[in-house]
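*Asks:* In the order they appear, the protein sequences are chains U and C. Residues 548 to 862 in our numbering are what the first sequence lists, from first letter to last. Residues 841 to 1212 in our numbering are what the second sequence lists, from first letter to last.
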Amino acid sequence: MSTNQRPQPWQAPEHDQPVAQVEGYNFAYLDEQTKRMIRRAILKGVAIPGYQVPFGSREMPLPYGWGTGGMQVTAAVIGRDDTLKVIDQGADDTTNAVNIRRFFAKTAGVATTEKTAEATVIQTRHRIPEKPLTEEQILVYQVPIPEPLRWVEPRETETRKMHALEEYGVMHVSLYESIARFGRITTSYNYPVQVNGRYIMAPSPIPKFDNPKMHQMAALQLFGAGREKRIYAVPPYTDVKSLDFEDHPFTIQSWDDTCALCGADDSYLDEVITDDAGGKMYVCSDSDYCAERREAGHVGHQGVPAGTDTKGEAQ
Amino acid sequence: MYVAVKGGDKAIENSLRYLADIRRGDRRVPELSIAQIREQLPLAVDRVMTEGSLHDPDLAALAIKQANGDIQEAVFLLRAYRTTLPRFGASLPIDTAKMQIRRRISATYKDLPGGQILGPSFDYTHRLLDFTLAANGETREAPKSDEPVPEGMPRVADILDHEGLIELEIPDDEDGAVPDLTRESMSFPADRATRLQNLARGDEGFLLALGYSTQRGFGNAHPFAGEIRMGELAVSFVPEELGFEIEIGEITVTECQMVNQFKGSSKVPPQFTRGYGLTFGHCERKAMSMALVDRALRAREFGEEIEAPAQDEEFVLYHSDNVEASGFVQHLKLPHYVDFQGELVTVRELRAEIEAREKDNQTDDDELAAAE
Chain U
548 MSTNQRPQPW QAPEHDQPVA QVEGYNFAYL DEQTKRMIRR AILKGVAIPG YQVPFGSREM
608 PLPYGWGTGG MQVTAAVIGR DDTLKVIDQG ADDTTNAVNI RRFFAKTAGV ATTEKTAEAT
668 VIQTRHRIPE KPLTEEQILV YQVPIPEPLR WVEPRETETR KMHALEEYGV MHVSLYESIA
728 RFGRITTSYN YPVQVNGRYI MAPSPIPKFD NPKMHQMAAL QLFGAGREKR IYAVPPYTDV
788 KSLDFEDHPF TIQSWDDTCA LCGADDSYLD EVITDDAGGK MYVCSDSDYC AERREAGHVG
848 HQGVPAGTDT KGEAQ
Chain C
841 MYVAVKGGDK AIENSLRYLA DIRRGDRRVP ELSIAQIREQ LPLAVDRVMT EGSLHDPDLA
901 ALAIKQANGD IQEAVFLLRA YRTTLPRFGA SLPIDTAKMQ IRRRISATYK DLPGGQILGP
961 SFDYTHRLLD FTLAANGETR EAPKSDEPVP EGMPRVADIL DHEGLIELEI PDDEDGAVPD
1021 LTRESMSFPA DRATRLQNLA RGDEGFLLAL GYSTQRGFGN AHPFAGEIRM GELAVSFVPE
1081 ELGFEIEIGE ITVTECQMVN QFKGSSKVPP QFTRGYGLTF GHCERKAMSM ALVDRALRAR
1141 EFGEEIEAPA QDEEFVLYHS DNVEASGFVQ HLKLPHYVDF QGELVTVREL RAEIEAREKD
1201 NQTDDDELAA AE
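#1: Evaluate contact between the segment 1072–1083 of chain C and the segment 955–969 of chain C, counting only Cβ atoms and requiring at least three cross-stretch pairs below 8 Å.
#2: Establish whether the CB of Phe1028/C and some CB of chain U are separated by less than 8 Å.
#3: Could you check whether Pro1063/C and Leu952/C sit closer than 8 Å to each other, using their CB atoms as the reference points?
#4: Please return the same chain residues whose Cβ sits closer than 7 Å to the Cβ of Phe1102/C, not counting the five positions on each side in sequence.
#5: Hey, could you find the ends of the alpha helix (DSSP H) Ala780/U is sitting in?
#6: Output needed for Met548/U: all residues of its chain with C-beta closer than 6 Å, excluding positions within five of it in sequence on either side, in chain order.
#7: Please state whether DSSP places His795/U in a helix, a strand or coil.
#8: With the cut-off set at 8 Å, would you say Tyr815/U and Val1178/C are in Cβ contact?
#9: If you draw a straight line from the alpha carbon of Pro783/U to that of Phe651/U, how long is it in whole angstroms?
#10: For His673/U, go through chain C and note every residue whose CB falls closer than 7 Å to its CB, in chain order.
#11: Quick one: what's Lys827/U bridged to in DSSP?
#12: For Gly603/U, go through chain C and note every residue whose CB falls closer than 8 Å to its CB, in chain order.
#13: Taking 6 Å as the limit between beta carbons, can you name the residues of its chain near Ala575/U, skipping five residues before and five after?
#14: Whose C-beta lies closer than 7 Å to the C-beta of Gly847/U among residues of the same chain, with five residues either side of it excluded?
#15: Mind checking the segment 596–626 of chain U against chain C and listing, in chain order, the residues whose C-beta falls within less than 8 Å of any C-beta there?
#16: Compare the Cα-Cα distances from Leu918/C to each of Glu1044/C, Ile852/C, Ala903/C, Ala930/C and report the closest residue.
#17: Residues in the same chain with beta-carbon distance under 8 Å from Ile1088/C, minus the five sequence neighbours each way, listed in chain order, please.
#18: According to DSSP, is Glu1067/C part of a helix, a strand, or is it coil?
#19: Check whether the Cβ of Asp812/U lies closer than 8 Å to any Cβ atom in chain C.
#20: In whole angstroms, what separates the C-alpha of Val1185/C from that of Ser721/U?
#21: With 16 other CB atoms within 10 Å as the buried threshold, where does Asp1206/C fall?
#22: Leaving aside the five residues before and after Ala666/U along the sequence, list all residues of the same chain whose C-beta is less than 6 Å from its C-beta, in chain order.
#23: In chain order, what residues of the same chain lie with their CB nearer than 7 Å to the CB of Gly850/U, ignoring the 5 residues before and after it?
#24: When the Cα atoms are used, what is the spatial distance from Ser855/C to Ile647/U?
#25: Using CA coordinates, which residue listed in Ala937/C, Val888/C, Pro1149/C, Ala900/C is at the minimum distance from Leu1050/C?
#26: For Gln1170/C, go through chain U and note every residue whose CB falls closer than 8 Å to its CB, in chain order.
#27: Could you tell me the alpha carbon to alpha carbon distance between Tyr921/C and Arg774/U, rounded to whole angstroms?
#28: Let me check you understand the geometry: is the CB of Glu978/C closer than 7 Å to at least one non-hydrogen atom of the ligand SAH?
#29: On the premise that Gly954/C lies in contact with Arg942/C, defined as a C-beta separation below 8 Å, what is that separation, rounded to the nearest angstrom?
#30: What number of angstroms, rounded off, separates the C-alpha of Leu686/U from the C-alpha of Gln768/U?
#31: Note down the Cα distance separating Pro994/C from Ile862/C, rounded to an integer number of angstroms.
#32: Let me know the secondary structure DSSP gives Val624/U once reduced to three states.
#33: If you follow the alpha helix (DSSP H) that Val1163/C is part of, which residue opens it and which one closes it?
#34: Could you check how far apart the C-beta atoms of Ser1027/C and Pro601/U are, in whole angstroms? I think they sit under 8 Å.
#35: Under 8 Å by Cβ, that's how I've got Ala851/C and Ile874/C pegged, so tell me the actual separation to the nearest angstrom.
#36: Output the distance between the C-alpha atoms of Gln555/U and Asp757/U, rounded to the nearest integer angstrom.
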């Protein structure tokens, strides 16, 4: 395939076809008893910010590792009047995001949107939207490994004890080891945080760029890990501190470049390879943020003004 | 990169249609029916029912067909269906001593009450491809014995029990709630009921490898196949509103009792100990593997040292489920470019630092050389 036939990243995200609702399943797929059980776990999680609450995770019709925890949380909190946005890697148009959005359109018949500001429930994998969230919104994270201490201690029996006793020394030692070896903390995503001055928590594999957004966020943040059967939460306006040292303060990623489409210099950028000779460009990972900026008239150095895009899609 | 992850409705729809098309294969070949799969691939059906933890041969056969013959995918389909079913309660414990025996063998006794009954088994087949099957050769019906298999064949473990040579097996309080690991998350240390439930649903390949590892010295196992029995059993249930027992159906199960040598410890005198395996249908390899792993997991109970993977409860129970494992391994196919970008930034920074340092050293060396 020659490069000029490839769908180009600056083309507008395609909009979902209308989805017919399925019969024979309860609203949002899960039965009401299961939803109640999940809501109880969520309430416990909200009451103890950052604490991983075990719950009776169900087998979902999607594979484990593809957002079954986030889907169960979303199913438990979503109502008929909600508007759902689903993103994966910051984008609404990645196949898994499309698939999960379709699932809820099918089983709950709720309105869906790609606009961050219009959504009341946002399910996400690996990103927090660039646009600040409000008290009216709930952010649901898909979590693969809920245990932040897993890489220093593989045993659940041990890590639960460590949390209970607030025995977090090993975590600091492991960060210190990284500084000793590389001169810096090399963790770039799933960067551990301490919530409300107590529990150390895995923010899910969001880039550390997004960590500061969790701190004192106006929206309720819920985390669902289906395979590992854990739910945890950060209530609105809660302190979330990325672990660091006085002489090695926490920093976030930065780029020398700006978004090639909208010119943003304050968003998380994805690298897009444009040819096989090392050519590349950077574009916003948050597709809605980028589209909104372009609609507002911002044009990046390789972008075209909004409204002049042509459409293309993967087959 | 964008091409691979951008898709949306149409690409997904086309992918599903392509998959279905491949499932049907060449249209000149007659389509498989559910009945054909159920009747002619019975061991695949049994495995899917066992690991899918749902006894329904027709649904299992449907799952196998829908999964293009991918057994783990079929297990997943059955599980995803099972999870939507209402739960009425737990059946009464089945008594395998009352089994209508089709196969029963013991490796610990040459002969025993009830005798050795081979039943249908691959054990004594010569593994030579049978080309008459390829030529659609008709299979003759199996001869039937004139004498019926005796009913109520005693279990080998019960025979050992009379002498007190084998550990006592004391049933749990029958009124006690049965743990259900599909409804609650596991916690550790797990009780034996939860462990056995986990192993019964566990992947056959995983348990086979773990069981094998205990035989090769990773774990202190000295097992004998005390008994393997396969046959039919009635399942009974007491509905709350009736208050008495009713028979709700008949299932085929395979049971394996491993008898393990045990030299005793500070807690327990020398005696034989048990490992237990049970599956739906005829899944002998799985039942035997399960029994080996069950025994290995009882290390803590007997005060044995926990050194091998098969004895490690968290290792075994957290990794035995092939629906969980398959999902998480394959989720690596999902886009990770945001995380990967984070790693790119980090690696570039680290390399830039090293380069700068090397350049600095080089300049220092040059200056030194110039000064000399």
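C-beta: ideal position from N, C-alpha, C; glycine also.
*Replies:* Answer, in terms of the structure:
#1: no
#2: Start at 1 with the first residue of the second sequence, and residue 1028/C comes out as number 188. Yes, Phe1028/C lies at the interface with chain U (some Cβ there is under 8 Å from its Cβ).
#3: The residue you call residue 952/C lines up with position 112 of the second sequence. The residue you call residue 1063/C lines up with position 223 of the second sequence. The answer is no: Cβ separation not under 8 Å.
#4: Working through the second sequence from its first residue, we reach residue 1102/C at position 262. Here the set comprises Pro1110, Gln1111, Phe1112, Thr1113, Phe1142.
#5: Here residue 780/U corresponds to residue number 233 of the first sequence, with the count starting at 1. Careful: Ala780/U lies outside any alpha helix (DSSP H), inside the beta strand (DSSP E) at 777–781.
#6: The sequence position of residue 548/U within the first sequence is 1, counting from 1. Confidence at Met548/U is low in this model, with a pLDDT of 36, below 50, so its placement is unreliable and the value that follows should be read with caution. There are no such residues.
#7: By one-based count along the first sequence, residue 795/U stands at place 248. Of the three classes helix, strand and coil, the one that applies to His795/U here is strand, per DSSP.
#8: Looking up residue 815/U in the first sequence gives position 268. Looking up residue 1178/C in the second sequence gives position 338. For Tyr815/U and Val1178/C, yes; Cβs fall inside 8 Å.
#9: For this step, residue 783/U is matched to residue 236 along the first sequence. For this step, residue 651/U is matched to residue 104 along the first sequence. One C-alpha to the other measures close to 25 Å.
#10: The residue you call residue 673/U lines up with position 126 of the first sequence. Val1178, Asp1179, listed in chain order.
#11: In the first sequence, counting from the first residue as 1, residue 827/U sits at position 280. DSSP, once it has assigned bridges, lists Ile820/U as partnering Lys827/U.
#12: By one-based count along the first sequence, residue 603/U stands at place 56. The answer, in chain order, is Thr1022, Arg1023, Glu1024, Ser1025.
#13: Your numbering for residue 575/U matches position 28 in the first sequence. Excluding sequence neighbours, Ala575/U sits near Ala622, Ile625, Thr654, Ala655.
#14: As a working note, residue 847/U is residue 300 in the first sequence. Answer for Gly847/U: Thr805, Cys806, Ala807, Leu808, Cys809, Gly810, listed in chain order.
#15: Pro601, Phe602, Gly603, Ser604, Arg605, Glu606, Met607, Pro608, Pro610, Tyr611, Gly612, Trp613, Thr615
#16: For this step, residue 918/C is matched to residue 78 along the second sequence. When only C-alpha atoms are compared, the closest one is Ala903/C.
#17: Here the question's residue 1088/C lines up with position 248 in the second sequence. Ser931, Val1075, Ser1076, Phe1077, listed in sequence order.
#18: Counted from its first residue, the second sequence places residue 1067/C at position 227. Three-state DSSP puts Glu1067/C in a strand.
#19: What you label residue 812/U is simply residue 265 of the first sequence in a count that begins at 1. No, because no Cβ of chain C sits closer than 8 Å to the Cβ of Asp812/U.
#20: Numbered from 1 along the second sequence, position 345 holds the residue referred to as residue 1185/C. Numbered from 1 along the first sequence, position 174 holds the residue referred to as residue 721/U. Roughly 21 Å between the two C-alpha positions.
#21: Start at 1 with the first residue of the second sequence, and residue 1206/C comes out as number 366. Burial call: exposed.
#22: One-based indexing of the first sequence puts residue 666/U at position 119. Cβ within range, chain order: Thr630, Lys632, Thr660.
#23: Residue 850/U sits at position 303 when you count from the first residue of the first sequence. These residues qualify, in order along the chain: Trp557, Ala807, Leu808, Cys809, Arg841.
#24: The residue labelled residue 855/C in the question sits at position 15 within the second sequence. The residue labelled residue 647/U in the question sits at position 100 within the first sequence. Approximately 16 Å, taken between the alpha carbons.
#25: Taking the first residue of the second sequence as 1, we reach residue 1050/C at position 210. With distances taken between Cα atoms, Leu1050/C lies closest to Pro1149/C.
#26: Sequence index remark: in the second sequence, residue 1170/C carries index 330 (1-based). Near Gln1170/C (Cβ distances below 8 Å), the residues of chain U are Pro610, Gly612.
#27: Along the second sequence, one-based indexing puts residue 921/C at 81. Along the first sequence, one-based indexing puts residue 774/U at 227. C-alpha separation (whole angstroms): 17 Å.
#28: As for the ligand SAH, it is missing from this structure, which has no ligand bound.
#29: Indexing the second sequence from 1 puts residue 942/C at position 102. Indexing the second sequence from 1 puts residue 954/C at position 114. Contact doesn't hold; Cβ gap of about 13 Å is too wide.
#30: Counted from its first residue, the first sequence places residue 686/U at position 139. Counted from its first residue, the first sequence places residue 768/U at position 221. Roughly 5 Å separates the two Cα atoms.
#31: Working through the second sequence from its first residue, we reach residue 994/C at position 154. Working through the second sequence from its first residue, we reach residue 862/C at position 22. So the two alpha carbons sit approximately 50 Å from each other.
#32: What you label residue 624/U is simply residue 77 of the first sequence in a count that begins at 1. If DSSP states are grouped into helix, strand and coil, Val624/U belongs with the helices.
#33: As a working mapping, residue 1163/C is identified with position 323 in the second sequence. 1162–1170 is the extent of the alpha helix (DSSP H) around Val1163/C.
#34: Working through the second sequence from its first residue, we reach residue 1027/C at position 187. Working through the first sequence from its first residue, we reach residue 601/U at position 54. At roughly 7 Å, the Cβ-Cβ gap stays under 8 Å, so Ser1027/C and Pro601/U are in contact.
#35: Counting from one through the second sequence, the residue named residue 851/C turns up at place 11. Counting from one through the second sequence, the residue named residue 874/C turns up at place 34. Contact flag wrong, Cβ pair sits at about 30 Å.
#36: Working through the first sequence from its first residue, we reach residue 555/U at position 8. Working through the first sequence from its first residue, we reach residue 757/U at position 210. With a pLDDT of only 41 at Gln555/U, under the threshold of 50, the placement of this residue in the model should not be trusted; the figure read from the coordinates follows. Between Gln555/U and Asp757/U, the C-alpha separation is close to 26 Å.
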